[in-house]
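*Asks:* If you're matching positions, the sequence shown starts at 1 in the UniProt record's numbering and goes up one per residue. Could you have a look at this structure, given as structure tokens, before my questions?
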Amino acid sequence: MQVKQPAIDIMANKRNGTIYTGVTSDLIKRVYEHKYGDVPGFTQEHGCKFLVYYELIEDMISAIAREKQLKGGSRKRNWL
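What follows is the structure in structure tokens.
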């Protein structure tokens with residue numbers, strides 16, 4: 001049985017290009033889905049296939065809060 005580990009992931013389509021920030025309970029599976037376009041949506045439409053950053057988070061509520069923190073404000077200010 002696999003233990004769920006909440007995480008946030010940031011995917012990009014190229015250097016200084018479009019980025020996607022998301023939250024997941026299975027980081028490896030989610031990165032695979034982004035990379036190979038298995039799930040229709042933003043990352044598939046914009047070609048965000050490169051994992052540029054991730055954080056493992058203690059619980060899903062904290063992961064969602066961190067995702068919102070990263071998505072808020074300007075890209076430059078939030079980048080780590």
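C-beta atoms are modelled at their ideal positions from N, C-alpha and C, and glycine is treated no differently.
Can you name the residues that DSSP bridges to threonine 24?
*Replies:* The partner list for threonine 24 (beta bridge, DSSP) reads Ala7.
*Asks:* Can you have a look at aspartate 9 and say buried or exposed, based on whether 16 or more other CB atoms are within 10 angstroms of its CB?
*Replies:* Aspartate 9 is buried by the Cβ-count criterion.
*Asks:* Thinking just about the alpha-carbon of each residue, which of Ile57, Leu70 and Lys71 is nearest to the one in lysine 4?
*Replies:* Nearest C-alpha to lysine 4: Ile57.
*Asks:* Grab me the residues of histidine 34's own chain with a C-beta within less than 7 Å of its C-beta, minus the 5 sequence neighbours each way, in chain order.
*Replies:* The answer, listed in chain order, is Met11, Thr43, Cys48 and Lys49.
*Asks:* Which of helix, strand or coil does DSSP assign to glutamate 58?
*Replies:* Three-state result, glutamate 58: coil.
*Asks:* Threonine 43 lies in the alpha helix (DSSP H); which residues open and close that run?
*Replies:* Segment 42-46, the alpha helix (DSSP H) holding threonine 43.
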